[in-house]
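Okay, so here's the structure we're looking at.
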Amino acid sequence: MLLPRLPARSGSSRSDLWVLAGSGIATVLLTRWFLAAAGYPKIGGGGLHIAHVLWGGLLLAAALVVTLTYPGRATRRAAAVLGGAGFGLFIDEVGKFVTERTDYFYRPAAGIIYLSFAVLVAFVVRPRDPGRRTPDERTAEALRLALDGVATGLTASHRAEALRLLDQPTPAGSAALALIAALPHRDDPWAARRRALAALARRLVTGKVVAVAVAGVYVLLVPPLIGGAVEAAMGDLRQTRELGASLAMVAAAAVAAVIAGRAAFLLRADRLRALRLLRTSVLVDLLAGQVFKFTALQFDATVGLGLSVLLLAVLTVELHRRRIPLNAGHPPPM
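12 is the number of the first residue of the sequence shown in my numbering; add one for each residue after it.
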C-alpha cells in the first residue's frame, strides 16, 4: 500500500519558521527576566490565578485566525510572530504540567524548553532537496508566490524564484507564467539591507576571526570534560544536584571533543573538511549538550549558548565563502 504523498513545502516556510523560533525564544527569556525582576507577581485573587500559559493560548489562537482569514506572505509573517510568542508563553510553564506539585521552578524544565526550540531549529536548518519536488508541486509553489503578489506586486527576487520553479512545463505552467508576467513590480526595501549584511558578515569573518573561532570550539568543549574528571576524581560527582544531566553533559562534550579532535589533525591537510567537522562538533553541543547544560545550570547556560551560536555562525560563513556545500562529500585537499 502506497503512503499518501506529503504536501509540498512552502518556499517561505524557512524564513517564517525562523521568525517563529526567534519570537518564541525572545518571549521565554523576556518572561523569565520580567518575572524575576518583578518578584513573580500573580494576576488574580480570591483563589484564582491567571497563568501566562492562558495568554499564550490566546496568541496561538490569534495566529491561527490571522492565517485562516487573510492571505499573503505578510500575514504569515505576522502569524509567525504571534504564534512564536504564544508558544513561548506556553512552553515557559512546562514545569507546571510535568510535575504533580505544578512546580514552575522544576529544574529540568529549562532543558525541556531549550529542547523544544532546538528541535524546531533543527527542522528549519535541515538540508533542502529541491529535486524531490514534482513539476506539479513546483507549479503550485510558483502560483502561491504569484497569488501573494496579486494585491501588492512581486519583488524581483520573488519573480525570479517563481520563474525558476516553472522551468519544467506543466498544463498549468503557461497560466502561471501569464499571471506572473501580468503582475506589477514591487520594490523590496529589505533586499539591499540583506545584501549589505551578507557582505558585512563576509568582511568581518577574516582569517584571524576564523582562527579564533576554531580555538573557541576547543575552549567551549574542554572545560566540561575537565570539570567532570575533577569532580569524579574528588568524589564530588555523586553529590551533584542534577547527576544525570551532568553526566549527559560530559558525555555530549566528549562526543563533540572527539569530532573536534579529528578536525585538529585535518586542519593543515584538509582545512575545508576540518571546518565542517568543527561545525558538526558545535552542532552536537547545540542539539545535545546544551539541553543538559540548561537542566544543570538553568538559564545561566544562556551565555554558553550565545558562544556556541556565534561560533556556528562564523564557521558557516567561512564555509559558504569557500562555496563548499555543507552536505557535500569530501573536498579535494588544498
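Idealized CB from N, CA, C, for every residue including glycine.
Check the C-beta distance from residue i over to residue j and give it rounded, since I have them as a contact under 8 Å.
i: residue 32; j: residue 95; result: 7 Å
i: residue 155; j: residue 179; result: Not quite, the Cβ-Cβ distance comes to about 17 Å (not below 8 Å), so this is no contact.
i: residue 300; j: residue 264; result: 6 Å
i: residue 322; j: residue 293; result: 5 Å
Return the CA-CA distance between residue i and residue j, expressed in angstroms with no decimal places.
i: residue 78; j: residue 91; result: 9 Å
i: residue 145; j: residue 151; result: 10 Å
i: residue 46; j: residue 205; result: 35 Å
i: residue 278; j: residue 216; result: 18 Å
i: residue 290; j: residue 102; result: 29 Å
i: residue 335; j: residue 86; result: Reliability of the predicted coordinates at residue 335 is poor, the pLDDT of 44 falling under 50, and the value obtained from them is presented with this limitation in mind. Going from the Cα of residue 335 to the Cα of residue 86 covers about 35 Å.
i: residue 315; j: residue 268; result: 16 Å
i: residue 185; j: residue 73; result: 37 Å
i: residue 5; j: residue 332; result: Lying before the first or after the last residue shown, residue 5 is absent from the chain, which here runs from 12 to 345.
i: residue 34; j: residue 175; result: 31 Å
i: residue 320; j: residue 132; result: 12 Å
i: residue 64; j: residue 104; result: 7 Å
i: residue 172; j: residue 157; result: 10 Å
i: residue 287; j: residue 295; result: 12 Å
For residue i, does the count of other Cβ atoms within 10 angstroms reach 16, so buried, or fall short, so exposed?
i: residue 125; result: buried
i: residue 272; result: exposed
i: residue 222; result: exposed
i: residue 305; result: buried
i: residue 317; result: exposed
i: residue 58; result: exposed
i: residue 49; result: exposed
i: residue 170; result: buried
Note down, in chain order, each residue of its chain lying with its Cβ closer than 6 Å to the Cβ of residue i, except the 5 sequence neighbours on either side.
i: residue 129; result: 298
i: residue 106; result: 114, 115, 117, 120
i: residue 328; result: 212, 216
With DSSP as the reference, identify every bridge partner of residue i, one or two as the case may be.
i: residue 196; result: 165
Ordered along the chain, which non-local residues of its own chain (more than five positions away) have a Cβ less than 7 Å from that of residue i?
i: residue 220; result: 325
i: residue 127; result: 102
i: residue 259; result: 303
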